[in-house]
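Those letters in the sequence shown? Residues 49 to 140, per my numbering, in order.
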Amino acid sequence: MCKIICPVCEKQGKKSKVFSNGCSSTLMAFGNYHDKDGNYHYHDFNITTEYYECEFGHTFIRKGHGGCPSYPEYCDFKPEWEILSTTNKEDE
Ligand SMILES: [Zn+2]
Ligand SMILES: [Zn+2]
49 MCKIICPVCE KQGKKSKVFS NGCSSTLMAF GNYHDKDGNY HYHDFNITTE
99 YYECEFGHTF IRKGHGGCPS YPEYCDFKPE WEILSTTNKE DE
């Protein structure tokens, strides 16, 4: 879930360093609790928008939310991330 790969470089079979350009997040209530078996749950419904730029100047956005720490064993609150590629200065 913490693995960030530049989608443009990935398409070109390149590897690149990726820098975070900040993020913004909606502010909604979320729940964290321990269930009857002691498993920790953290259900964050906030949609976070994260901005990234790779060392080749490609910028892209990652949008979504993380999953519950007990997922997938004890919970079905799964991480959902969507990568939006925004610029590609080079031709493919
Ligand atoms: Zn790139
Ligand atoms: Zn959970």
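Backbone N, C-alpha and C define an ideal beta-carbon position, used for all residues, glycine too. Values in this document were obtained by computation on a predicted structure and should not be read as measured data.
| Asked | Found |
| --- | --- |
| Own chain partners of PHE93 with C-beta closer than 7 Å, once the 5 adjacent residues on each side are dropped | MET76, PHE78 and HIS113 |
| Which residues DSSP lists as bridging LEU132, in chain order | ILE109 |
| C-beta contact flag for THR134 and PHE108 at 8 Å | yes |
| Straight-line gap, GLU128 to TYR99 (C-alpha atoms, nearest Å) | 16 Å |
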